[in-house]
Structure formats: C-alpha cells, structure tokens
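See below for the structure under consideration.
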Amino acid sequence: MAGLDEKFCSIIDEQMNIREELKPVERRMTVLKKHIEQVDTYLKYKGKKTLTESEQILFTAANTYLKDVMNGRTACRQRHGKRNMPT
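The sequence shown runs 1 to 87 under full-length UniProt numbering.
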C-alpha cells in the first residue's frame with residue numbers, strides 16, 4: 001500500500017507541474033486570439049472605399065490596437081494561424 005500511495009502522490013505532483021506549465025501557454029493563446037480578431041477587423045475594412053461611421057470606428061480601433069501591440073515588428077498577415085486557434 002505504501003508504494004501505491006507514493007505512486008499516487010507522484011502522479012498528482014506531475015499533474016500539478018503540467019498544469020503550471022500550461023498556464024502561460026493558455027494566457028498567450030488568449031492574447032493571440034485577441035490579436036487575430038483585431039487583424040480580421042482591420043483587414044475587413046482596410047480595402048473598403050467608403051466606410052460608415054461605425055465601420056470607421058472599428059477600423060481605427062483595430063488599426064490603433066495593432067500598431068500598439070506590434071510595435072512595428074511585423075505586418076499583419078491575412079488569416080495566418082487562424083485555422084490552428086481553438087474557438
């Protein structure tokens with residue numbers, strides 16, 4: 001029985017370690033999902049010639065968000081990685 005208790009405790013410890021390792025990954029996925037939503041909004045209205053006031057507000061907000069987040073590091077890639085993101 002002592003061996004079983006030790007094995008059970010080691011399994012629980014391993015599960016808790018895995019959970020702690022996954023926390024930053026889950027947070028990053030949430031951030032990336034927000035980025036993708038903003039890129040989709042930006043690209044949706046980017047080529048449109050005339051925008052309504054609400055469309056202009058959405059486009060401007062997405063553009064500002066992306067400029068702040070990306071810090072000029074890279075351009076927006078259309079639909080890059082979207083198929084791999086969980087919903």
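We put the beta carbon where it would ideally sit given N, CA and C, even for glycine.
With residue i as the anchor, note down where its alpha helix (DSSP H) starts and where it stops.
i	result
THR60	53-70
GLY3	2-46
Note down, in chain order, each residue of its chain lying with its Cβ closer than 7 Å to the Cβ of residue i, except the 5 sequence neighbours on either side.
i	result
TYR45	LEU51, GLU55, LEU58 and PHE59
Taking only heavy atoms of the ligand ATP into account, decide whether any of them is closer than 7 Å to the Cβ of residue i.
i	result
LYS44	Annotation note on the ligand ATP: not contained in the displayed structure, which lists no ligands.
Q.
For the structure I just gave you, are there three or more beta carbon pairs, one from the segment 65-72 and one from the segment 47-55, closer than 8 Å?
A. no
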